[in-house]
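Residue numbers (my numbering): 123 to 420. For every residue, glycine included, the Cβ atom is placed at its ideal position computed from N, Cα and C. Comments concern the structure below.
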């Protein structure tokens, strides 16, 4: 592979257990960090010309990579980060790159006394990842304040812009798996910093109290079903604490699968399948994954 002209960092045969929050997964052929948007375009064109498959990833907080790894290039956007704030009517339009940490973005908003995303504080991952899945918590979702998204498609390396009209719903968006969030614009409003911090502290403490943050995980594994949280169905099916190898349905929060230390991606997948089957057999409810499974499709 000829990487001439690429400004970013290229790593080869990298175990993904080092780069995912679940701490499982085999090696990726390449792990690439573009230095900026121009560099990303160069990388995509080069990979396409070489016939090498690619995927976009941020902080790896919502993915499970197969133990056999991926014969692909994973393009990690976390070096592409900038923020800009512009006055807009009775509020502020924040322009932010997709590779920036969502937590860092919310903290900067708080310093400026800008409200709109503070109830998402504590959600790991990047802004781009949060936009792509329309992340939400405590009654707020990304699309509440999202106004515009800039995208690039890896298949034809074409840039586009999308507004936030139709297509954004519960844990989904119109953004395709082949697309990367280059940047997004959010409309934020002024609010007393002490009130914003109070909301942030509350949601963070609730996460710490209810979620098994002491173990590696990928956050919530399954989506809610018709407004009912998945943990209720899993708990009612008697699956709290169930294990497959070193993977376990958390006894603290039934919609988390945790890595007790030496879990494999196969253990995680076995447990996901077991939960889906037993919840359906016992309660007639079909659970859908919120996490992404990479490399399990043969």
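Rounded straight-line distance, which links the Cα of residue j to that of residue i
{"i": "residue 397", "j": "residue 242", "result": "27 angstroms"}
{"i": "residue 226", "j": "residue 254", "result": "18 angstroms"}
{"i": "residue 125", "j": "residue 148", "result": "23 angstroms"}
{"i": "residue 307", "j": "residue 270", "result": "5 angstroms"}
{"i": "residue 274", "j": "residue 311", "result": "29 angstroms"}
{"i": "residue 156", "j": "residue 141", "result": "16 angstroms"}
{"i": "residue 377", "j": "residue 173", "result": "38 angstroms"}
{"i": "residue 279", "j": "residue 159", "result": "12 angstroms"}
{"i": "residue 131", "j": "residue 165", "result": "11 angstroms"}
{"i": "residue 152", "j": "residue 187", "result": "14 angstroms"}
{"i": "residue 354", "j": "residue 315", "result": "35 angstroms"}
{"i": "residue 112", "j": "residue 222", "result": "The structure shown does not extend to residue 112, since the chain is modelled only from 123 to 420, so the question has no answer here."}
{"i": "residue 236", "j": "residue 328", "result": "22 angstroms"}
{"i": "residue 337", "j": "residue 183", "result": "13 angstroms"}
{"i": "residue 252", "j": "residue 171", "result": "30 angstroms"}
{"i": "residue 422", "j": "residue 293", "result": "The question about residue 422 has no answer here: the residues shown for the chain are numbered 123 through 420."}
{"i": "residue 230", "j": "residue 404", "result": "46 angstroms"}
{"i": "residue 286", "j": "residue 263", "result": "12 angstroms"}
{"i": "residue 352", "j": "residue 198", "result": "30 angstroms"}
{"i": "residue 190", "j": "residue 138", "result": "10 angstroms"}
{"i": "residue 203", "j": "residue 238", "result": "20 angstroms"}
{"i": "residue 161", "j": "residue 356", "result": "44 angstroms"}
{"i": "residue 418", "j": "residue 266", "result": "33 angstroms"}
{"i": "residue 256", "j": "residue 291", "result": "7 angstroms"}
{"i": "residue 212", "j": "residue 194", "result": "46 angstroms"}
{"i": "residue 145", "j": "residue 177", "result": "19 angstroms"}
Rounded Cβ spacing between residue i and residue j (contact assumed at less than 8 angstroms)
{"i": "residue 276", "j": "residue 300", "result": "5 angstroms"}
{"i": "residue 181", "j": "residue 246", "result": "6 angstroms"}
{"i": "residue 342", "j": "residue 185", "result": "The pair is not a contact, with the Cβ atoms about 13 angstroms apart (cut-off 8 angstroms)."}
{"i": "residue 68", "j": "residue 392", "result": "For residue 68 there is no data in the structure shown, the boundaries of the chain being 123 and 420."}
{"i": "residue 232", "j": "residue 136", "result": "So it is not a contact: roughly 34 angstroms between Cβ atoms."}
Continuous alpha helix (DSSP H) stretch holding residue i: start and end
{"i": "residue 353", "result": "352-358"}
{"i": "residue 124", "result": "No alpha helix (DSSP H) holds residue 124; DSSP gives it neither H nor E."}
{"i": "residue 321", "result": "315-332"}
{"i": "residue 209", "result": "Taken as a continuous stretch (DSSP letters only), residue 209 belongs to no alpha helix (DSSP H), being part of the beta strand (DSSP E) at 205-210."}
{"i": "residue 221", "result": "No alpha helix (DSSP H) contains residue 221, which DSSP labels as neither H nor E."}
{"i": "residue 251", "result": "249-254"}
Three-state class that DSSP yields for residue i in the structure shown
{"i": "residue 227", "result": "helix"}
{"i": "residue 169", "result": "helix"}
{"i": "residue 407", "result": "coil"}
{"i": "residue 241", "result": "helix"}
{"i": "residue 389", "result": "helix"}
{"i": "residue 132", "result": "strand"}
{"i": "residue 376", "result": "coil"}
{"i": "residue 275", "result": "strand"}
{"i": "residue 369", "result": "strand"}
{"i": "residue 297", "result": "coil"}
{"i": "residue 175", "result": "coil"}
{"i": "residue 269", "result": "strand"}
{"i": "residue 160", "result": "helix"}
{"i": "residue 215", "result": "strand"}
{"i": "residue 146", "result": "coil"}
{"i": "residue 263", "result": "strand"}
Environment of residue i [buried if 16+ CB atoms lie within 10 Å]
{"i": "residue 208", "result": "exposed"}
{"i": "residue 134", "result": "exposed"}
{"i": "residue 323", "result": "exposed"}
{"i": "residue 210", "result": "exposed"}
{"i": "residue 389", "result": "buried"}
{"i": "residue 383", "result": "exposed"}
{"i": "residue 220", "result": "buried"}
{"i": "residue 240", "result": "buried"}
{"i": "residue 408", "result": "exposed"}
{"i": "residue 297", "result": "buried"}
{"i": "residue 406", "result": "exposed"}
Enclosing beta strand (DSSP E) for residue i [first to last residue]
{"i": "residue 280", "result": "280-285"}
{"i": "residue 187", "result": "185-187"}
{"i": "residue 305", "result": "301-312"}
{"i": "residue 415", "result": "414-416"}
{"i": "residue 339", "result": "339-342"}
{"i": "residue 151", "result": "149-155"}
{"i": "residue 257", "result": "Taken as a continuous stretch (DSSP letters only), residue 257 belongs to no beta strand (DSSP E), as it is neither H nor E."}
{"i": "residue 198", "result": "192-198"}
Distance cut-off 8 angstroms: residue i Cβ against heavy atoms of the ligand ZN
{"i": "residue 168", "result": "With respect to the ligand ZN, the structure shown offers nothing to examine, as it has no ligands at all."}
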